[in-house]
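A quick write-up on the structure given underneath.
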Amino acid sequence: MTQEISCTFIGVSLVMRRLLGDLELKPFIWTLNALGLISCQYNDNHNGKKQFSRTQYHKIRSVAIVAFIQILCVSMFIYWLLYRDEFDIKAYNRTGHIYMNINFVFGCCVVSIIYLHFFLWQLFYMQLLATIMKHQRNFSVSRCHGWNLRHCFFLYSFLSITAVWNNYKAFEYTQLKLGAWTCYQVMYDVVFITCGIVVILFVAMTKILNCCLHHLNSEIYKLLTEAQSIQNSRHLGWLLAQRKNLLDLCQQKISDRFGLLIVLVVAFIVFSASSGPFYLISVTLKQKIDNSTAYVVNFLVTLYWNVPWMTIFVALLTCNVEEQARNTAKFLAKSCRSNDGMDKMIDKFLLKNLRQKPILTAYGFFSLDKSTLFKLFTTVFTYMVVLVQFKEMESTTKQLEKGS
């Protein structure tokens, strides 16, 4: 009876682990499908392996969505060219108008490029997701990252909803005409939802690979503590080969392909992040408090303006793949060696990894680590100071012109 209960418990546990593993990337794939960034059918075949399939319907749908997005972006850009004065927010002066107009055009370009990029590289991204899920199954790492990925998706969903609401409240008091108000609202909503899923998908994939590296490091550490033999030496060689495959996947596929998109997203974050503090300093804090409720709402909306973007960027820098990669070298360097074959293998590995290049980068422009966060805040603060200085200089110039 006890054996039957234990067997049943083990069977249920295996099934639950399997289900958790299956569900991990499904919300991300569903979201990509819903947004039209990829268009495919994700299912399981009889062998239990995931597969992506594309029918003629998916190909037509993909072309239709990317065409719609391009037409939408071009239409908003043409409307901006024809009625540029309608996009000027009354609370701003000329400096604020130029800054918001550049933001609007930049946002349209970012959305257009992201959709074109995914359209041209859809098969690559499907193969990449399939490869990562294959590693997930091979190393049985579902329990290692399960809730982390769900938290990432819930965070993205929450930030998207609050960002849309915040954009609506922010432009509610601008007194813009309907056409300009709609263009601003659509652009800011679409650019956050699109950039957000790109960043969160990047984070999810790197978290899975990070857990695979953690699993390999555990196996290597366990192997080094055992009695050394020819079989262990071969097993160590296999583990190091798998580690190299994972790092190559990070560097050659994820960093290179996603790197271009990450550069675009970070550039937009850096440029647009100054708009919240700029509006707070130049407009909100100088307003007369006629309606306390409206003033408090406006103040809170302004404070929250950058929170979704900053949260997305901080999530981008939590991918600590390099830490797991360094741990491998630490374990091997501290190991007690006596087997000649294993000694040569470890020495060769340590020699190759003396100067390890950054694993996750934004197409080589900058590494995705915690030091980049400080650089981002410094850049945003610098842009904000420059904007405020231009605004004050413009106000001073107008006063001098009136006086003369």
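If you count the sequence shown from 1, position 24 lands on 24 in UniProt numbering, and the numbers rise without skipping. Note that the Cβ used here is the ideal one computed from N, Cα and C, for glycine as well.
| query | result |
| --- | --- |
| DSSP beta-bridge partners of residue 405 | With the chain covering only 1 through 404, there is no way to say anything about residue 405. |
| CA nearest to the CA of residue 318, picked from 138, 350 and 373 | 373 |
| Residues near residue 305 by beta carbon distance below 6 angstroms, same chain, minus five either side | 276 |
| Segment limits, alpha helix (DSSP H) that includes residue 36 | Run containing residue 36: none; DSSP gives neither H nor E here. |
| Closest residue to residue 107 among 82, 70, 132 and 138 (Cα-Cα distance) | 70 |
| Rounded separation between residue 485 and residue 163 - CA only | With the chain covering only 1 through 404, there is no way to say anything about residue 485. |
| Nonlocal neighbours in the same chain, by C-beta distance under 7 angstroms from residue 149, ignoring five residues either side | 24, 204 and 207 |
| Reduced DSSP secondary structure (H/G/I, E/B, other) of residue 28 | helix |
| Closest Cα partner of residue 413 within the set 110, 84 and 111 | Any answer about residue 413 is impossible in this case: the structure gives the chain only from 1 up to 404. |
| Residue 56 burial status per 10 Å Cβ neighbour count (16 or more: buried) | exposed |
| Under 9 angstroms between C-beta atoms of residue 152 and residue 34 | no |
| Segment contact, 8 angstroms Cβ cut-off, at least three pairs: the region 261 to 271 with the region 180 to 199 | yes |
| Between the CA atoms of residue 132 and residue 185 - distance to the nearest angstrom | 36 angstroms |
| Assumed close pair residue 313, residue 269 - CB separation to whole angstroms, cut-off 8 angstroms | 6 angstroms |
| Those residues which DSSP pairs with residue 166 across a bridge | DSSP lists no partner for residue 166. |
| Those residues which DSSP pairs with residue 53 across a bridge | 41 |
| Among 390, 301, 335 and 26, nearest to residue 165 - alpha-carbon criterion | 301 |
| Contact belief for residue 79 with residue 183 at Cβ below 8 angstroms, rounded distance in angstroms | 6 angstroms |
| Distance between residue 387 and residue 380 (C-alpha atoms, nearest Å) | 11 angstroms |
| Option in 212, 392, 81 and 273 with minimal Cα separation from residue 324 | 212 |
| Continuous alpha helix (DSSP H) assignments of at least 4 residues falling wholly in the region 159 to 226 | 178 to 225 |
| Contact belief for residue 39 with residue 62 at Cβ below 8 angstroms, rounded distance in angstroms | 4 angstroms |
| Which of helix, strand or coil DSSP assigns to residue 367 | strand |
| Closest Cα partner of residue 128 within the set 102, 94 and 209 | 209 |
| Beta-carbon proximity of residue 273 to residue 115, cut-off 9 angstroms | no |
| Nearest-angstrom Cα separation, counted from residue 248 out to residue 67 | 34 angstroms |
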